[in-house]
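Positions 11 to 360 (the numbering used here) are the ones given, in order, by the sequence shown.
Even for Gly, the Cβ is constructed at its ideal location relative to N, Cα and C.
Inspection log for the structure reproduced underneath, given as structure tokens.
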Amino acid sequence: MRHIIDLTPDELIEYLKGINQPRYRADQIYKGLYVKNWDSFEDFSTLPKSLRAELAGQFYLRRFTLIDAIKSPVDNTTKYLWQLGDGSRIESVTIYEGKRVTFCISSQVGCPLDCKFCATGKMGLLRNLSVAEIVEQVLQMKARAERPPTNIVFMGMGEPLLNYDTVIRAADILSHPEGLCFNRKKITISTSGIAKNIRRMADEGLPYSLAVSLNAVTQNMREKIMPIARKYPLDELLDAVRYYTKKTRRRVTFEYVLMKGLNDSEADAHSLVKLTAGIPCKINVIPCNSDDPLYAPPEDDVLIRFDQIINKKNRTITIRSRKGWDIRAACGQLYADNERKKRIHVEMLE
Ligand code: SAH
Ligand code: SF4
């Protein structure tokens, strides 16, 4: 049985044709799925009862079981742990910041890239998520959130650009004008630096926002903390980002996780300014969230100094707060216990 969200609009129309239903039923189904956010075919009151029963017999509408939802008493950040149809587990996080409501969603079960400072990397990759599994995160979170999302970021588990087609199809559904109609620029795809697919995003003229996790200013340090840097070296990555900004005329966000004694020196801050010169960008500095003393956050004065150096050069810098820290929902802290059956390697995904 398929998940109804996995059907393309054409497939849905084709299916309806096959059971002698008029085409407008597809619009009614679409509205029920995304505008009404109905979670049972029985609720689809715009459809005849017989069609509701037919759909329920043919398709899944919800496949997640909520295993745990932890809400931070400090800032209301809520972390959800879902069990998927095949028993694997992923996490998603809702973050409230003033008027902003950010849904941080996963693109894979685990991640194959093994960045040393990241909890998800320790899981390895079990599998890619499907379109429906990406979209269902948003629908399930929306049903539980205090307010609707203003931003959706692919910054949960996984490397979205290693599940490229699926992530883009899911983003297309989330922004579809007849459905959730989410502002495309407010959907951000964050990558650890899959240069090849950054170029692909540019070539395809995709309207989504791009964030690049730079995290180090030398090839040497980048390789140490992010093994993917061996495959896509810093120069190649920055070339791809330049290509992207030129071609799309859009700004990118560079994310830089600050780790005590590794990449937080004043010289690093100056290099960061130099490396990103000429690239329309925003720099987002994130103090590392980790229990591992090797990847500790910097002292406050070091963080402030880092910020000042970048600010002085008139670069936009924001320091991301450690929202959700108390419930292990902050960046890099997502880890779901999954049986480690088989690890999938990068080459298989490209
Ligand atoms: N795989 C993608 C998206 C998920 S990670 C990527 O790497 O960009 C989302 C963000 O969390 C990335 O910018 C990553 O550098 C950051 N991150 C990972 N581990 C972290 C940690 N321990 N502390 C703070 N940020 C972390
Ligand atoms: Fe994967 Fe991103 Fe974590 Fe690296 S930081 S292991 S790419 S999720």
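(request) Take the Cβ of Q318 as the centre, count every other Cβ of all protein chains shown within 10 Å, and call the residue buried at 16 or more, exposed below. (result) exposed
(message) Quick check: the Cα distance between A181 and N30, rounded to an integer number of angstroms?
(response) If I take the Cα positions, the gap works out to 30 Å.
(request) Mind checking who L282 pairs with in its DSSP beta bridge? (result) Its beta-bridge partners do not exist; DSSP assigns none.
(message) I need the DSSP call for G120, collapsed to helix, strand or coil.
(response) Correct three-state label for G120: strand.
(message) At a threshold of 7 Å, does M167 count as lining the ligand SF4 (C-beta to nearest heavy atom)?
(response) yes
(request) May I ask which residues mark the beginning and end of the beta strand (DSSP E) holding F51? (result) First-last for F51: undefined, no H or E at that position.
(request) Mind checking which residues open and close the beta strand (DSSP E) that includes Y174? (result) No beta strand (DSSP E) holds Y174; the alpha helix (DSSP H) holding it covers 174-185.
(request) Report, in whole angstroms, the separation of the C-beta atoms of A279 and I320, which I expect to be a contact under 8 Å. (result) 6 Å
(request) Can you tell me the Cβ-Cβ gap for P290 and C298, rounded? I've got them flagged as a contact below 8 Å. (result) The pair is not a contact, with the Cβ atoms about 26 Å apart (cut-off 8 Å).
(request) Check the DSSP bridge columns for L304 and list the partner residues they point to. (result) Bridge partners of L304: none, in fact.
(request) Would you mind giving the Cβ-Cβ distance between T104 and M151, rounded to the nearest angstrom? I have them listed as a contact below 8 Å. (result) That belief holds up - the Cβ atoms of T104 and M151 are roughly 6 Å apart, short of 8 Å.
(request) Select from D274, G189, I208 the residue whose C-alpha is nearest the C-alpha of T228. (result) Comparing Cα positions, the closest option is D274.
(message) Extract the residue ranges of the alpha helix (DSSP H) inside the stretch 85-167, only unbroken runs of 4 or more that lie entirely within it.
(response) 141-154
(message) Can you tell me whether K89 is buried or exposed? The criterion is at least 16 other CB atoms within 10 Å of its CB, across all chains shown.
(response) buried
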